[in-house]
Amino acid sequence: MASLHEYFLKDGSNYLRTNEQWSLKHADGTVLAPEITATLCMDFETNAKFVWFYVPDITGVDCSEMLLLNKIEEILDWPRTKVGVIGGFEGEQTHGTDLTFTGRITFYSEKPVRPEWKEQMIREAQRVGHHLTFRSIDYRDMRNKLEKPLAFNSHDSRDKDLIAGRLAIQLQKFMCPVWYDDFSLKVGDSLRESIEAGLKECPKCVLILTPNFLSNEGWTKREYDSVFTREVVEKQKLILPVWHDVSRDDVYRYSMILADRVAAQWSLGVEEVARRLVRALNG
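Below is the structure:
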């Protein structure tokens, strides 16, 4: 299951984004954690810009969203004060300062804004021509219901940060949801039951073959055995291999059948690997 933060990153993947991390402080100057992410989204195709916030659940703080409305003018001025941004082809270029602010302000809030505060914020925003959108756990849950994973992401846990997580996020950005443990598991879930369900229900399985994966006789071996059994029973090819730092001989020693499958090479880069997987999943 994708997190709200993942949707915050994914939803804006088609725009040029400028981000800044902000910390709130108590009256005594104590810095509160975690940080808020303020984002200016710039769409040079439509000559528009708009503002998004990711607001984590900050202990002891109620409705930090109200405070953030006072920062809009500062954020809109970022193309001038932070970084000069120019988009478009030569002869058609537009500077970020010239983009039109649509008035759209979107909050991705881990803690839902109370209805009475939301109504007050909307009224105040409307007076200056701003339009507020609030996205929280209900939005996350609805998106997760609608976006069924197209593939199971099978990987060795030692490859999570370098490969598996980056690939899962890139696939999400390409509107291709996958079953990935960090997205799909929540506290209290049975690991075995959840993985079994993912392996059974996902139409395909992305196998991230690395030296770590090939040497793992535990979970990854069981996942491969399970999806191979599905292939035999369902009489169709379900495995989409990704190779990182392994040779055909390495894969052959692990599985003769896998060595015969066309694989995406990680050396192509995460974006190109994700594109090839999306084509295979949608083909």
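Numbered according to full-length UniProt numbering, the sequence shown spans residues 1 to 283.
Just so it is clear, CB atoms sit at the ideal spot from N, CA and C, and this is done for glycine as well.
Judged by DSSP in its simplified three-state form, residue 104 adopts strand. The DSSP-derived three-state label of residue 241 is strand.
When the five nearest sequence neighbours on each side are left out, the beta carbons in the same chain lying within less than 8 angstroms of the beta carbon of residue 41 are those of 12, 15, 16, 17, 49, 50, 51 and 52, in order along the chain. Between residue 153 and residue 179, the beta carbon gap of about 6 angstroms places them in contact (Cβ cut-off 8 angstroms). Sixteen is the threshold: when 16 or more other Cβ atoms of the shown chains lie within 10 Å of the Cβ of residue 242, as they do, the residue is buried. Following the DSSP letters along the chain, one finds residue 65 in no beta strand (DSSP E) but inside the alpha helix (DSSP H) bounded by residues 64–68. Shown here, residue 252 sits in a helix according to DSSP, grouped into three states. A Cβ-Cβ contact shorter than 8 angstroms links residue 4 with residue 110. In the pairwise beta carbon analysis, the region 20–39 is classified as not touching the region 157–176: fewer than three pairs are separated by under 8 angstroms.
Counting along the chain, residue 78 sits inside the alpha helix (DSSP H) bounded by residues 78–81. The criterion of a C-beta distance shorter than 8 angstroms is satisfied by residue 163 and residue 244.
Nearest in C-alpha terms to residue 75, of all of 168, 45, 37 and 63, is 37. In terms of Cα proximity to residue 277, the closest of 205, 44, 124 and 160 is 205.
The three-state reading of DSSP puts residue 144 in helix, counting H, G and I together.
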